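K.L.:
Encoded as structure tokens, here's the structure I'll be asking about.
Residue numbers (the working numbering), protein chains in the order written: chain A, -4 to 311; chain B, 367 to 802.
Here's what the structure looks like:
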């Protein structure tokens, strides 16, 4: 039989446990009320994401299994993978996929090289000159339509570019012709989006620890060695972000390309986005347009996962 | 004993729980309401709603609509959109069986696409249409059923600079060979002999088809609209002519991306001695505000291929119809009749856009017409509109235009021969037509 002292201990333990339980309950109540508020505040963006992203995506995938034209008079009919077979078997539609790949690889690659170089230049030489930073970032702030219209005026046969060439005695070039249309839109896309790359890389460079850089200099590492073995590995997360964003946005480029060439001449600059627009909004073929959109989504997902694996997921 | 309250005794929370929850709910409701509410610049809707294509059509229609509202007391909400957006919105609205639109303004080539959503105009009698050219009425009929009343109807032909041809001692060409030779002869330095809308679009197909008819093509499709009929000598001759002029260097290199507006601009700026345009451009080419060469442009009859007699044209344009789903069909019909009267019997104060789209006997007899189509061009335009044929009425017309435009552009780009382009187009068009 427990003595009084033991009873007090037991009582204290019981009380402590009770207190712990009550405290836990009180904490739970505090947590629940806080979490309720948090959930309530999250409700709006979740509803928006589901309503504006998830639902349309699922619906688009669903429509892609249907033959659905808004101007044929026929009711939508389920055809399974029929639209996908049409896309893969149609040379022009396949061509738009191929051209999009070329556009993305060339444009993103060029943007990264030039943007990285500009960021290094800003970091090492002109970082204090805010005016230069501002000027370099200007193209990113111009809308796609304005960029397209401006560059069309520059690149058209009797435009500013050829006028400049002719001043130098060089014959005019058909910049928006069949041979150079794709290259021209790559050039314009780079001009507009290099500042984004520059901005992100420059910010990452500024976060580099000075002591590490100083130590490497003291150890006699060359500029190139520092870049390859120290700078790039340390800013890998920023590089991943830049490549990811630019790839995704380049995949769905539309406004600038449409204003510049409308995918022409012929189909020389027709990308998936242009073809999707034509199918869905010019020909009102919702089934085929949705299928092209799904292709775009799949390509984007594949490239995203490839980036994750290639640049080390832990970097994020 | 602490009973779970985090506050110390006597401490009051500045933000009672219910206030925080209310704030969260209010924010959510505000965001959702903001998403739900439509933010448009459109005016408050009246009893009748219609869409108009931006540009000269909307500019000339607005006074007509205002006059209707004044005289009848029926408000009309005329929403102006670029023509492609207008088409998209109409197709979407009609497919949704929405009562949003009462009056539908449509191109004659769209009739087959949306006729299932339109009211047949059986209440319009022959006497209501008496005076119109037969072709402009036929443009809006399928299987004998009238779907829309014609309004802005036109055709297209070649405009030329009188001063340039006179200086070169040349006459307006009458044959395909003469056209090619004249274009080549007039290509000097920065000036090209001919400009044509080679861009991949309906404008190109309609323009090529006009040449094809003048080369003996019987029709774009057969009589029953079940098979392509353009892959014949006429279609081939027309395509080879245009390709020849382009390859001669007699057209601007970037004609390959030209639409009608770019052709007009080239003419305004004196970049071309001849160009193919639709007939209403006569007014803009006569306006000194548009071009320093105003007054020096004239239309010519379409040249023909060897062995073909008689010039041919295609008429196309807009008409007004009634949505099956509109809630004010009586008032909408009243508006239709009002608009119809303006085009059937244009008065002396009719807008230039109405005058330059003549489609009725009264329109051709109007003194205002002769003031715009000078030097005998009023007789020429009447001849062209009288001789004009219409485009086929099939729901696959958009697909047909895309196929023809795409395959023919490859000819101009040197990727295939004209014969191959027509053959491939014929296969694809027949496949599209077989799905009906």
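All C-beta atoms in this analysis are idealised placements derived from N, C-alpha and C, irrespective of residue type, glycine included.
In this text the structure is predicted, and so the values were computed from the model without any measurement.
(1) Taking 8 Å as the threshold (beta carbon to beta carbon), is residue 627(B) in contact with chain A?
(2) With DSSP collapsed to three states, give me the class of residue 755(B).
(3) Output, in chain order, the set of chain B residues within a Cβ distance shorter than 9 Å of residue 151(A).
(4) Using the C-alpha atoms, what's the distance from residue 600(B) back to residue 783(B)?
(5) Does residue 266(A) have its Cβ less than 8 Å from a Cβ in chain B?
(6) What is the DSSP secondary structure of residue 164(A), reduced to helix, strand or coil?
(7) Just by C-beta distance, which residues in the region 54 to 84 of chain A are closer than 7 Å to chain B?
(8) Given a limit of 8 Å on CB to CB distance, which residues of the region 758 to 772 of chain B reach chain A?
(9) Who are the neighbours of residue 276(A) on chain B, taking C-beta pairs under 9 Å?
(10) So with Cβ pairs under 8 Å, would you call residue 785(B) a contact of chain A?
(11) Using a Cβ cut-off of 8 Å (strictly closer), state whether residue 507(B) contacts chain A.
(12) Report the start-end ranges of each alpha helix (DSSP H) in the region 113 to 160 of chain A that is 4 residues or longer and not cut off at the edges.
(13) Comparing the C-beta of residue 796(B) with each C-beta of chain A, is any distance below 8 Å?
(14) Confirm, please, whether the CB-CB distance from residue 583(B) to residue 562(B) is below 8 Å.
(15) Would you call the region 200 to 219 of chain A and the region 236 to 244 of chain A touching, i.e. three or more CB-CB distances under 8 Å?
(16) Cβ of residue 270(A) less than 8 Å from any chain B Cβ?
(17) Spatial neighbours of residue 312(A) within its chain, please: C-beta separation below 7 Å, excluding the five flanking residues on both sides.
(18) In chain A, what lies closer than 7 Å to residue 776(B) by C-beta?
(19) With 9 Å as the C-beta to C-beta threshold (strictly closer), list the residues of the region 228 to 260 of chain A near chain B in chain order.
(20) List in chain order: all unbroken beta strand (DSSP E) runs of 3+ residues lying wholly within the region 626 to 667 of chain B.
(21) Applying the criterion that 16 or more other CB atoms from any shown protein chain within 10 Å of the CB defines a buried residue, is residue 653(B) buried or exposed?
(22) Tell me the rounded alpha-carbon separation between residue 554(B) and residue 614(B).
(23) Determine which residues of the region 159 to 193 of chain A have a Cβ less than 8 Å from any Cβ of chain B, and write them out in chain order.
(24) Give me the Cβ distance between residue 631(B) and residue 799(B), rounded to the nearest whole Å; I'm assuming they're in contact under 8 Å.
(25) How far does the alpha helix (DSSP H) with residue 84(A) in it extend, from its first residue to its last?
(26) Any chance you could list the beta strand (DSSP E) runs of at least 3 consecutive residues sitting entirely within the region 460 to 542 of chain B, in chain order?
(27) Can you say whether residue 54(A) is buried or exposed, counting buried as having 16 or more other CB atoms within 10 angstroms of its CB?
(28) CB-CB under 7 Å to residue 273(A), same chain, minus the five flanking residues each way: which ones, in chain order?
(29) Whose CA, out of 433(B), 763(B), 674(B) and 425(B), lies closest to the CA of residue 541(B)?
(30) What residue from 669(B), 648(B), 519(B) and 564(B) has the CA that sits closest to residue 736(B)'s CA?
(31) Tell me whether the beta-carbon of residue 91(A) lies closer than 8 Å to the beta-carbon of residue 297(A).
(32) Considering just the uninterrupted stretch of the beta strand (DSSP E) at residue 445(B), what are its terminal residues?
(33) With a threshold of 8 Å, are at least 3 pairs of Cβ atoms found where one atom belongs to the region 689 to 705 of chain B and the other to the region 453 to 470 of chain B?
(34) Could you tell me the distance, in whole angstroms, from the CA atom of residue 279(A) to the CA atom of residue 461(B)?
(35) Going along the chain, which residues of its own chain have a beta-carbon closer than 8 Å to the beta-carbon of residue 618(B), five neighbours each way excluded?
(36) Cα separation between residue 640(B) and residue 772(B)?
P.N.:
In brief:
(1) Along the second chain, one-based indexing puts residue 627(B) at 261. Not one chain A Cβ lies under 8 Å of residue 627(B).
(2) Position 389 of the second chain, counted from the first residue, corresponds to residue 755(B). The DSSP-derived three-state label of residue 755(B) is strand.
(3) The residue labelled residue 151(A) in the question sits at position 156 within the first chain. Going along chain B in sequence order, the residues near residue 151(A) (Cβ under 9 Å) are 620 and 623.
(4) Position 417 of the second chain, counted from the first residue, corresponds to residue 783(B). Position 234 of the second chain, counted from the first residue, corresponds to residue 600(B). Cα to Cα, the separation comes out at about 15 Å.
(5) Locating residue 266(A) in the first chain gives position 271, where the first residue counts as 1. For residue 266(A), the answer is no, since every Cβ of chain B falls outside 8 Å of its Cβ.
(6) As a position in the first chain, residue 164(A) is number 169, starting the count at 1. Correct three-state label for residue 164(A): coil.
(7) So the close ones are 65, 66, 67 and 68.
(8) So the list reads 761, 762, 764, 765, 768 and 772, given in the order they occur along the chain.
(9) Counting from one through the first chain, the residue named residue 276(A) turns up at place 281. Neighbours of residue 276(A) on chain B, chain order: 450 and 454.
(10) Reading the second chain from its first residue, position 419 is the one you call residue 785(B). Under the 8 Å criterion on CB atoms, residue 785(B) is classed as non-interfacial with respect to chain A.
(11) Position 141 of the second chain, counted from the first residue, corresponds to residue 507(B). Judged by the 8 Å Cβ criterion, residue 507(B) is not in contact with chain A.
(12) If we require 4 residues or more, the alpha helix (DSSP H) runs fully inside the region 113 to 160 of chain A come out as 125 to 132 and 139 to 150.
(13) Mapped onto the second chain, residue 796(B) falls at position 430. For residue 796(B), the answer is no, since every Cβ of chain A falls outside 8 Å of its Cβ.
(14) Residue numbering aside, residue 562(B) sits at position 196 when the second chain is read from its first letter. Residue numbering aside, residue 583(B) sits at position 217 when the second chain is read from its first letter. Taking 8 Å as the cut-off, the beta carbon of residue 562(B) is found no closer than this to the beta carbon of residue 583(B).
(15) As far as the Cβ criterion goes, the region 200 to 219 of chain A does not touch the region 236 to 244 of chain A, which means the pair count is below three.
(16) Stepping through the first chain from its first residue, residue 270(A) is reached at position 275. So no, residue 270(A) is outside the interface.
(17) Beyond the ends of chain A as shown, which are -4 and 311, falls residue 312(A); an answer cannot be given.
(18) As a first step, residue 776(B) is located in the second chain; it is residue number 410 there, counting from the start. Ordered by position in chain A, the residues that pass the 7 Å Cβ test against residue 776(B) are 261.
(19) Contact residues of the region 228 to 260 of chain A toward chain B are 256, 257, 258, 259 and 260 (C-beta to C-beta distance below 9 Å).
(20) Counting only runs that start and end inside the region 626 to 667 of chain B, the beta strand (DSSP E) elements of at least 3 residues fall at 638 to 644 and 663 to 666.
(21) For the purposes of this step, residue 653(B) is taken as residue 287 along the second chain, with counting starting at 1. Exposed is the call here.
(22) By 1-based counting over the second chain, the position of residue 554(B) is 188. By 1-based counting over the second chain, the position of residue 614(B) is 248. Answer to the nearest angstrom: the Cα atoms are 12 Å apart.
(23) Answer in chain order: 169, 171, 172 and 173.
(24) By 1-based counting over the second chain, the position of residue 631(B) is 265. By 1-based counting over the second chain, the position of residue 799(B) is 433. Incorrect: roughly 36 Å between the Cβ atoms, too far for contact.
(25) As a position in the first chain, residue 84(A) is number 89, starting the count at 1. Note, residue 84(A): alpha helix (DSSP H), 77 to 84.
(26) 469 to 473, 515 to 520 and 522 to 527, all fully within the region 460 to 542 of chain B.
(27) Along the first chain, read from residue 1 onward, the residue named residue 54(A) stands at position 59. Result: exposed.
(28) Residue numbering aside, residue 273(A) sits at position 278 when the first chain is read from its first letter. Nothing meets the Cβ criterion.
(29) Translated into the one-based positions of the second chain, residue 541(B) becomes position 175. Per the Cα distances, 674(B).
(30) The count along the second chain starts at 1 and reaches residue 736(B) at position 370. For residue 736(B), the closest of 669(B), 648(B), 519(B) and 564(B) by C-alpha to C-alpha distance is 648(B).
(31) Here residue 91(A) corresponds to residue number 96 of the first chain, with the count starting at 1. Here residue 297(A) corresponds to residue number 302 of the first chain, with the count starting at 1. At a Cβ-Cβ threshold of 8 Å, residue 91(A) and residue 297(A) do not count as neighbours.
(32) As a working mapping, residue 445(B) is identified with position 79 in the second chain. Start and end: 442 to 447.
(33) These segments touch.
(34) The residue given as residue 279(A) occupies position 284 in the first chain. The residue given as residue 461(B) occupies position 95 in the second chain. The straight-line gap separating the alpha-carbon atoms of residue 279(A) and residue 461(B) is approximately 11 Å.
(35) Along the second chain, read from residue 1 onward, the residue named residue 618(B) stands at position 252. Only 558, 561, 624, 632, 637 and 638 meet the Cβ criterion.
(36) Start at 1 with the first residue of the second chain, and residue 640(B) comes out as number 274. Start at 1 with the first residue of the second chain, and residue 772(B) comes out as number 406. About 25 Å.
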